[in-house]
Structures are given as C-alpha cells and as structure tokens.
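J.:
Residue numbers (this note's numbering), protein chains in the order written: chain A, 70 to 258; chain B, 12 to 419; chain C, 1427 to 1670.
1. So what's residue 1523(C) in DSSP terms, helix, strand or just coil?
2. Nearest CA to the CA of residue 243(A): which residue from 174(A), 232(A) and 159(A)?
3. Sorted by chain position, which residues of the same chain lie with C-beta nearer than 7 Å to residue 70(A)'s C-beta, five sequence neighbours on each side aside?
4. Select from 1651(C), 1512(C) and 1661(C) the residue whose C-alpha is nearest the C-alpha of residue 1486(C).
5. Pull the bridge partners of residue 234(B) from the DSSP assignment, please.
6. Relative to the C-alpha of residue 1653(C), which candidate in 1668(C), 1467(C) and 1667(C) has its C-alpha closest?
7. So residue 142(B) is in the beta strand (DSSP E); what residue range does that whole segment cover?
8. In chain A, what lies closer than 9 Å to residue 327(B) by C-beta?
9. Taking a contact to mean a Cβ-Cβ separation below 9 Å, would you say residue 42(B) touches residue 389(B) in this structure?
10. From which residue to which residue does the alpha helix (DSSP H) around residue 96(B) run?
11. Taking the runs of the beta strand (DSSP E) that are 3 residues or longer, which of them lie wholly in the segment 303-355 of chain B?
12. Would you mind working out which of 348(B), 418(B), 315(B) and 335(B) sits nearest residue 409(B), comparing C-alpha positions?
13. Please list the partners that residue 177(A) has in chain B, where partner means a Cβ-to-Cβ separation under 7 Å.
14. For a quick check, are the C-beta atoms of residue 128(B) and residue 119(B) less than 9 Å apart?
15. Inspect the beta-carbon positions of residue 154(A) and residue 182(A) and report whether they are closer than 9 Å.
16. Please tell me whether residue 1552(C) and residue 1668(C) are closer than 9 Å, where the distance is taken between their beta carbons.
17. For the segment 166-181 of chain B against the segment 84-96 of chain B, are there 3 or more C-beta pairs whose distance is under 8 Å?
18. Flag residue 154(A) as yes if its beta-carbon sits less than 9 Å from any beta-carbon of chain E, otherwise no.
19. Can you say whether residue 252(A) is buried or exposed, counting buried as having 16 or more other CB atoms within 10 angstroms of its CB?
20. If you pair each beta-carbon of the segment 227-234 of chain B with each one of the segment 148-167 of chain B, do three or more pairs fall below 8 Å?
21. Going along the chain, which unbroken runs of the alpha helix (DSSP H) with 4 or more residues stay wholly within the segment 158-210 of chain A?
22. What's the call for residue 144(A), buried or exposed, on a 16-neighbour Cβ count within 10 Å?
23. Ignoring anything shorter than 3 residues or poking outside the segment 1571-1649 of chain C, list the beta strand (DSSP E) runs there in chain order.
24. Could you check how far apart the C-beta atoms of residue 132(B) and residue 213(B) are, in whole angstroms? I think they sit under 8 Å.
25. Say whether the segment 283-303 of chain B touches the segment 22-30 of chain B, bearing in mind that this needs 3 or more beta-carbon pairs closer than 8 Å, one atom from each stretch.
26. Rank 156(A), 74(A), 211(A) and 168(A) by C-alpha distance to the C-alpha of residue 134(A) and give the top, closest one.
27. For residue 72(A) and residue 114(A), what's the separation of their Cα atoms in angstroms?
28. Return the chain-ordered list of same chain residues with a C-beta closer than 6 Å to the C-beta of residue 148(B), the five sequence neighbours on each side being excluded.
29. Pull out every residue of the segment 1599-1618 of chain C whose Cβ sits closer than 7 Å to any Cβ of chain B, in chain order.
30. Just confirm the distance between the C-beta atoms of residue 111(B) and residue 215(B), as a whole number of angstroms; I'd bet it's less than 8 Å.
31. Under the three-state reduction of DSSP, which class applies to residue 116(A): helix, strand or coil?
32. Pairing CB atoms from the segment 68-76 of chain B with CB atoms from the segment 238-256 of chain B, are three or more of them under 8 Å?
33. In whole angstroms, what separates the C-alpha of residue 256(B) from that of residue 266(B)?
34. Give the residues of chain A in contact with residue 26(B), contact being defined as C-beta atoms less than 9 Å apart.
35. I need the DSSP call for residue 79(B), collapsed to helix, strand or coil.
36. So, is the C-beta of residue 19(B) closer than 9 Å to a C-beta in chain A?
Put into structure tokens, the structure is as follows:
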C-alpha cells in the first residue's frame, strides 16, 4: 500500500535576488512498513526533502500525497494537524523540551492530540520509554540524560503516538558509533 | 491540554526566574504605589474635608454670594443681620447647631512687627456647638464683650506672642475709618488647618461694636443632622423666603471650592498613576515574552513540528504573561495591604510640624484610608495589562516558521 | 500721592498773620493756600524700617488736581504714578503693566512707605469732612501754633476718625499732624522738619511721617527742587504718557 508519493517535487529558495534550487523534479514512492534511508553529501537537499514530507514546508512545484491526502494548498493549521496526527520527528540534536521530564516529553504528543485520558497518556508514555530502555529515567530532565538517552527519549516521543511515518534527520550524527548503532537498532524494531 | 500548556508556561517562567521575579517586582511596585498613594490622597482629602467642616465652614453656611465668588474680598460690604433667619432656622429639625461669624481683614501689631491676618469675630458661647476650635486651644477661650483675642499658632510664632501678651489689632470700620483695638492674648490655637493658624479670633459683640456694625455678620455656620442634601435644601429655602438675593446657603463643599478643585485633581493623579502602572506592566511583560520567545526559538519549532498549533503556542506565552501579571499584582496588593494597614491604624507624620502649603487645609499626622475599589482595580488592571501586553509578542513568537526555528 | 497734594496744599501760603478766631477760620486760611497751578519738583523719599533704610528719588509734575510722578532711582527707574482727579494709576516698566489702584490696594503703603495711597488721594477739604475745634495754642520748636482737633462728621468715609493739627501762626502751614483710630489710638504722626523760601513763598520741604504702631519706622519726604514756571506738555497727564 502506498503511504507516500512525491511527483515532480521542486523546491526553490529565494535568497534576496538569488534563487537556489534545493530540489529538482523529485519523484519517489514509499510503502507502508518500508524503512527508507536517503543519503547524499551535505547541501544535497536531504533536510529540505524531509521538511517537505514533514509538512514543515511546502514545495515550489509538484505534489506530495501522504496516506492518500494531497498536501498542497493546505493551511498552516491543517498542516499542523497532519503533523500532530500522522508524523513523528527525530532530530539530529534531539530537541527535547528542556523544562519537561522524559515522561512529560513523551506524553506531550499524546496530550496535543487531546483524545486520551491522563492516565492512558501516562501509561502509554511509560510503556514506550520502557521499550526504549529508559524505565529508570522517567523523571529525569533532558540535561540529566546522556546524548544517547536523550535521543532515545526523542525516538520514544516520535513512536508514542504510533504515527504513519517517522522522519529522522541524521538521528545518529551527534552520537558515538556504538550508541548510534543501538539507536538504529531501536528504530528497526 | 490546557494542562500541558500551563505546565510549560510555569516551568518556563521558573526557568527564567530571575527575569520573572524582576518583572513581577516592577509590576508589584507599580501596584503598591498606586494603592498607597491613593490611600494617602484619600486620607488627606478626608482629613482636609473634616478640618474644613470642623474649623472653617460647618456643614452648611449662609453668606453673601460675593464673598464666595471672590474669596479675596475681605471687605465689610456684604455683611447681613442674621436675626432675620435665626427663628426660621431653629424651626428646622435638620439644623442641630448654628453660630455667627464676622470675618474681616486686619493687621496684628505686637509693637515691633505686624502681620496681615484674617480676623474672625466669633460668638464665644455658640461657636463650640459648630466648631471644634477649642480642642486645639492653649490658654483660655474668649469671653463675650471682652477686649480679648485668641491667635493662631502661626501668627503667635511670627509675632512671638504668648498668652497674656497685649497686641493691637488694626482694621477698618464699616465707614472705612482706621480702628485700632488693644487686645489681650488669652489663648493660642494650634489646629491641623493651616489657614486657621493664620487667623485670629475675637468676641463677636466686641468686634461688631468696634467696627460700627451693630448685629451684622459675614456668615452663619450650621451643623446639620440627617441628610446633608435635604438640610441644605431646607436652609436654602429659608434664605430664599427672606428675599435676600445677595445671600445664599452653601454646603461646605461649595464654600471650600478651591479645596474641592484640588480634591478633584487627585483623580487626575489616579489616572496618571494607573497609566504608569499599565506602562510598567507593558514594558516588563513585553520584554519578558520577547526575550523568552527569542531564547526558545528552537523549542517553538520543535513544538510546532510535533503538531502544536500557532494558537496553542500563543496561548502558552499569554499564560506566561498572565502568570507574571498575577504574581506581580498579588505581591503588590499584599505588600500594599500590609503597609496600608499600618497607615490606617497608626498614620505617619511626613512633614513634621511644617505646613503643606498651597492652601491644603491639613497638618500633622496623616492617615491612610481603605479604598477597596482601587485595590481591586489595581489588581485587575495589573493582570489585564500584563495579559494584553503579552498577546502581540506571543503571536509573533508563534508565527515563527518551524524550519527556520529548527535551523537555529 | 495725597501727601504730595497735601504738600502742595501746605506749600503755598502767604505770610500774613491775620488773627484767627475759630478753627474753621484757621483751616480756611490754610486751605486758601492750596496752590492749583503748575509745578515741577524733584524730591526724594527715605523709608526707614528698623535698621533697613532705602531712598527713592522722583520727578513730579503737578497741574491742578492732576499729578505725575516718575521714579528715577535705579531700582524703581521708570515706575510712574499718575493721579487723575480721584483715580490713581501705576505703570511698572518691567512688566509693561498699567494698574488702577482701587479697593483694598488703596490701603497699601505707597512704594513701601508709611503713607498709604489712600492718604495721598484725599482731595476733599478737611473742613468738609471733619468737625473742627480750636483746642489750644502751643509753642512748637519755639514757634507759636494753633492746635486744632478734627473729628470725622457722622457717616463720612474717612480713614482717620480723629486728627490733630498744629498750624504755624505765621506761615499758616500745618507743621505737625497726628492721625488717630476710632478707638482714639494714635496711628501716625507727621511733622514738617524744614520750611524753605522758594520763589517768594514759604514751603515745607522736609516732612517726616512716622507709624505709631511700628517702632523705628518712618518716611521722610524732601523736596530738593521746585520750579513753578513750567510749560506742561499736552497729554502729560494721560494714561498714554504713562507707557511712553
């Protein structure tokens, strides 16, 4: 089943009078359950592509269809809703909310969805954190966790709402190779 | 949902607690000043009003319009015989006491120096029924028909007078001829009304004889009971029945017009203070929210990537503004309540024995008043101004594009 | 400026020595000397109060009931007083302000002196305002005088209810005057300290006024120069001339 389809996606950034073409006529398809890596040198447009798929940005040209929904010409609020309900993000630099504990960070996406009881949210967040091996660190703030632990919280945060698509932008770049390997392993499962 | 936003807001306020506390303190200070200054102004106005009624005008007075229209007129051109009124006024239930006074300009000489004073012929027997003057008297009160004078403390000080000194009161008779009266100082008045302390009091009958005035006076002062308005109207109609168009009944507020104008201007001070308070709130809150949004640009991006809407981000920041407004206002009100309790109970004496000058009819100890409208108002305005001030920077913060925010 | 007028009134007298029988006759002789012609004077006024003392100098033009005085000492230079019949105006050069002296201002001292504006304004003859009585004859500074008591007539507006005057029997000049309050208390004393012959007439040229209620307080008015033979310019006694 097709989960994501890009056709003729072009993104041009205007920097003053200079136009930079970040992506030109990109076409590809991802099926449900697929694990896809995009590789390329720095500046080749990987992040731009992720931003477009992640509904953080809109293409200059072309169409993106996510779970049968055309993303073009949607309002900011509608895009935010799609992100909330269908997408999970894992960033290179974890980007946890510093004032929230691990479990609060993981609960956040569920709370934003507003369709679960407090108790259910808590149980699910706790289970997800346990799944990524952080059962001992539920109530630690990000600054009390190591890089690997933080990224595991970030993955838990992306997984917790069971999204259709998880977008991870160089999730292991800031980690040593051993931890990176463990993280990739985690995402596979 | 609201839970997580509130949690975020308060955690973020706590994260920047130094800034939060400073902003709250500024706001608290503003609230505090508004309440305390209002209490002072209120206390001063109340006290001054009491001084005017008890030492200068009584509740209602009858006098010539000319004297009210031109307070500098110290001539004897508009005197009136009050026996025409007394019977009718005594019939009124509302009038509980009355006393006549004769005000005239004079120079008081001690043999070396002299000083221009307002001299007041008073009926030694009935004056205490209306005025509390005697409470502030050192020495003896006047006796009818005697060549005696009670001098205000300021006059006594300026002319270096003590009880049992002799002075010469130089004035003009109704016929404009100089009249010089040799009087014995029997008492000295140190009242909380500076104008009274610049006046001298003599027995009314002695003054009338010396000035060639027979039974005439310049004003008739009354204490009324019950509704001041109905008493005033009843007295007014008595004056009208006498067909004396030159005379009128005046409430103390009307008679002390200058003071009332001043009291009104304290409202202008209110609005000024309140605008200052609003300004403090706006500057503090706008600063706090803008800085917070700048520092948390990336965080905002993450929240938005996770699907938080602009509205929710805005709400989070406005909640922070509310938090500052609430804590600051509450702290200000609390401090003000404590201080004001002290002011109301014990009062302070900010000017020592000095006159406030500018014709403010009070002196000495100042007490505060409880003005709950202002206290509640300042509290609400503090919160409201903070929230309103937070809205624009919050919307700006929420509008930041998530990609731009994440790239930081 | 009444004092000036009074001065003028006192200034001019013949030196005849008619034997006066009554107070009225004596006052008539004094008043008959009132000179309503024209004159130019230079004079100075020394105001003493306790240890403080200041002197003001002025030029004065007189014509009948009108008079113009212009101060010439540095502190008051340009200040002008104009008496027109029974009105008195002051012009202050610094404020370029023209003020009509009226109401309670009349009771203030003239330029801080012991003479009030009102004292200087009275133009009515004393014999019309007061009941006069010849009280005695006294020698004052070795010269024979008549002592006349004046009591204000009923219902007449005068500043001083009682006056007492010493009239020089030769010069017919009031050389000393005492002013009293209704109560009989002495308020002011003025005395002629110097009489000079100018243009064939006898003039009091130094008059000292003392306030009896203020210790060490006096005003000395001296006439330094008199010129009777003058041409008064048209419009000199007008409000316009004050502001020039």
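Ideal placement from N, C-alpha and C gives every residue a C-beta, glycine not left out.
T.: So, from the listed chains and residues:
1. When secondary structure is reduced to three states using DSSP, residue 1523(C) falls in the strand class.
2. 159(A)
3. 100 and 101
4. Nearest neighbour of residue 1486(C) by Cα position, chosen from 1651(C), 1512(C) and 1661(C), turns out to be 1651(C).
5. 108(B)
6. 1467(C)
7. Segment: none, residue 142(B) is in no beta strand (DSSP E) and carries neither H nor E.
8. Against chain A, a Cβ distance below 9 Å from residue 327(B) picks out nothing, because the smallest value is about 11 Å.
9. yes
10. 94-102 is the extent of the alpha helix (DSSP H) around residue 96(B).
11. none
12. 315(B)
13. 15 and 317
14. yes
15. Yes, Cβ-Cβ distance for residue 154(A) and residue 182(A) is below 9 Å.
16. Cβ distance not < 9 Å, so residue 1552(C) and residue 1668(C) don't count as in contact.
17. Here the segment 166-181 of chain B makes no contact with the segment 84-96 of chain B; the two share fewer than three CB pairs at distances below 8 Å.
18. This model lacks chain E altogether, as its protein chains are A, B and C.
19. buried
20. no
21. Listed in chain order, the complete alpha helix (DSSP H) runs (minimum 4 residues) inside the segment 158-210 of chain A are 171-182 and 187-200.
22. exposed
23. 1588-1594, 1600-1606, 1612-1624 and 1627-1637
24. 6 Å
25. yes
26. 74(A)
27. The alpha-carbon of residue 72(A) is positioned some 22 Å away from that of residue 114(A).
28. If we look at residue 148(B) and ignore the five residues flanking it on each side, its Cβ neighbours are 198 and 200.
29. 1607, 1608, 1609, 1611 and 1613
30. 6 Å
31. Of the three classes helix, strand and coil, the one that applies to residue 116(A) here is helix, per DSSP.
32. yes
33. 17 Å
34. 167 and 168
35. helix
36. It does; some Cβ of chain A falls within 9 Å.
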